[in-house]
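What follows is a single structure, written as structure tokens, with notes after it.
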Amino acid sequence: MTATKPIREILPGTVADAVATVGAMGRVMLAASAGGATHERIGPVAAVRHEAGTLRLSGEAHDALIDLAVIVSVVADRSGRMKDRVLPRLELLDAAGETAFSLICLDGLEPFDKAIEGLGAGTVLPEKARQTAVEPGPAPAGDDPGANLLEAARAGGEAVTVLFRCTGLEQTWTGIIGEVKPAMGFLNIIQPDFHLHLKDHAVAHWRRDASDGAIAFHAEAADGSALGLVLSGPGSAFAGA
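As structure tokens, this is what we get:
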């Protein structure tokens, strides 16, 4: 890192001020995880605008709504790396100081620092302790409702919407699922502007809502709690599900 930029700092100003900078960062990944699902949109952010207490991120590669009543501060973190590349990020924090989701600058440190420099110096924070990677255990036996529905959507060959809700965020992608790749204990959908990583057997069952030829599947855990993941589209897109 440079001598002048801390590894972690709470950015000054408002959440809206900080989020507005992502439009100047080039390729950005908005990554959110909860309940065994990780939902990522990838590409330039074309616009950030206020909508009744929220911020909407939009563009060909982004469609997200950030709740400003829930997200109260933003941390700039420069510790992320992939091989020899630095992947800095904005961490969006709730009132408890927990990271709800992140906006990761995929084009490196220079456009990241240039985009946020107008905000001024932040409050330096200690670095986060590095987490030890956990090897996935053996896959549970039996049918996997998550795998079954993703495969039905793939086989249907029609455009579907994959929506994800977590603390302070709603993010969507709509398109045709080309392939579902099992790897490392997850079911993976990899598109140029969208990734979904769904942990094996994270979904215990799907709650269905159907109306006027459309259908929505809401992922639920074994205790009936919502996981935040919703797949929807025309009924024909999920034939056999």
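Per our numbering: the sequence shown = residues 8 to 248.
Built from N, CA and C at the ideal position, the CB exists for glycine as well.
{"Asked": "Under the three-state DSSP convention, the category V210 falls into", "Found": "coil"}
{"Asked": "Cβ distance (whole Å) where G153 is taken to contact L194 below 8 Å", "Found": "6 Å"}
{"Asked": "Candidates F119, D207, F224 and G231, of which the one nearest G192 by Cα", "Found": "D207"}
{"Asked": "Alpha-carbon to alpha-carbon, A221 and V131", "Found": "49 Å"}
{"Asked": "T174 - DSSP class collapsed to helix/strand/coil", "Found": "coil"}
{"Asked": "Nearest to I17 (by Cα), restricted to the options V81, A31, V26 and A27", "Found": "V81"}
{"Asked": "Beta-carbon proximity check, I73 vs L62, cutoff 9 Å", "Found": "yes"}
{"Asked": "Close beta carbons around E177, own chain, < 6 Å, minus the five adjacent residues each side", "Found": "L72"}
{"Asked": "Closest residue to G185 among L170, G163 and R172 (Cα-Cα distance)", "Found": "G163"}
{"Asked": "Alpha-carbon to alpha-carbon, A223 and R85", "Found": "39 Å"}
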